Amino acid sequence: MTQYQHIEPGETVLRDGTIKLHGEAGFAGMRKAGRLAAEILDAMAPLVQPGVTTEELDRVVREMTLDGGAVPATLGYRGYTHSCCISINHVVCHGIPSARVLKDGDIVNIDVTPLLDGWHGDSSRMFLVGDVSLKARRLVEVTYECLMIGIEQARPGARLGDIGAAIQAHAESHRYGVVRDFCGHGVGQLFHDAPEVVHAARAGTGPELKPGMFMTIEPMINLGKPHVKLLSDGWTAVTRDKSLSAQFEHSIGITEDGCEIFTLSPVGRHAPPYA
Ligand code: MF3
Ligand code: CO
Ligand code: CO
0 MTQYQHIEPG
10 ETVLRDGTIK
20 LHGEAGFAGM
30 RKAGRLAAEI
40 LDAMAPLVQP
50 GVTTEELDRV
60 VREMTLDGGA
70 VPATLGYRGY
80 THSCCISINH
90 VVCHGIPSAR
100 VLKDGDIVNI
110 DVTPLLDGWH
120 GDSSRMFLVG
130 DVSLKARRLV
140 EVTYECLMIG
150 IEQARPGARL
160 GDIGAAIQAH
170 AESHRYGVVR
180 DFCGHGVGQL
190 FHDAPEVVHA
200 ARAGTGPELK
210 PGMFMTIEPM
220 INLGKPHVKL
230 LSDGWTAVTR
240 DKSLSAQFEH
250 SIGITEDGCE
260 IFTLSPVGRH
270 APPYA
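In numbering that gives the first Met the number 0, the protein residues as written are 0 to 274.
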């Protein structure tokens, strides 16, 4: 049985398994945090070039987050010590910034989560490094379509499973694999809250979407099979078959008649090419 909880401004929220329903104060808070996330990702576009290291990009994310009056929610999260995740090629998610140099042909996901005035803006985009193969560019494009097709399902009265069903149908129509091991999540004053937003599901199943629900949708789509494995660093998830993987993420809120995307790029850098 799904439980919903209306959150009043200033109320302490707990990770108690309930789905939180927010009012105007929550929307205002998420709009600001989401906008900062989008601006940070916008600033990454010209920096993602052959020769840059992922730790240089992480430093820029940290500085922009702090300059924006926020803190990176990942810093110190379960022992994670970086300000974003940077996942290259066959890395599915949670790639750790390092001395790794980006090279021509790489596809890269940067995932940022500024925590601003108590609200988490969680978003990621793909970036193309130099000349990228047609099949990799196509994977990136279809993964963005998967995110937006999922978001189109997000409205009051729909079920959570409608989102995953739409994403899965689109990805599988291109014979791509939808990652099952990681999900979207409730978001807001908590980084990761109920419900789990799965990206492969049956339509008409799962909790009903209600106005005031905040969640991320963040499909990870593989050129090959859906299966992932975790590297020995305890974070980096890679495709088992070493195929390329792509991901986009938005934080959204259910409104009276649809949804609001909190992490939209104010300059239209939704998906590559960003030039
Ligand atoms: N931003 C990721 C998400 O979309 C979570 C990263 S947690 C970390 O949920 F510790 F790996 F950074
Ligand atoms: Co997320
Ligand atoms: Co994220």
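All C-beta atoms in this analysis are idealised placements derived from N, C-alpha and C, irrespective of residue type, glycine included.
What you are looking at is a predicted structure, and each value in this text was computed from that prediction instead of being measured.
Note that the segment 157-169 touches the segment 203-217; at least 3 beta-carbon pairs, one per stretch, sit closer than 8 Å. With distances taken between CA atoms, Ser244 lies nearest to Met125 out of Pro49, Ile253, Arg61, Met125.
In chain order, His169 place their CB closer than 7 Å to the CB of Glu144, counting only its own chain and leaving out the 5 sequence neighbours on each side. In the three-state DSSP reduction, Ile148 falls in the helix class (H, G or I). Burial check for Pro265: the Cβ neighbour count within 10 Å stays below 16, so the residue is exposed.
Within 10 angstroms of the beta-carbon of Met29 lie 16 or more other beta-carbons, which makes it buried. Met63 counts as buried, since no fewer than 16 other beta carbons sit within 10 angstroms of its beta carbon. His93 sits away from Ala199, with the two beta carbons spaced by 7 Å or more. By the neighbour-count criterion, in which a residue is buried when 16 or more other Cβ atoms sit within 10 angstroms of its Cβ, Ser250 is buried. With fewer than 16 other CB atoms across the displayed protein chains lying within 10 angstroms of its CB, Val100 is exposed.
Leaving aside the five residues that flank Ile95 on each side, the residues in its chain whose CB is nearer than 7 Å to its CB run, in chain order, His81, Asp232, Trp234, Thr235. Arg268 is positioned such that its CB atom lies closer than 7 Å to that of Ala44. For Glu195, the CB stays at least 6 Å from every heavy atom of ligand 2. Of the candidates Val178, Thr1, Ile6, the residue whose Cα lies closest to the Cα of Gln188 is Ile6.
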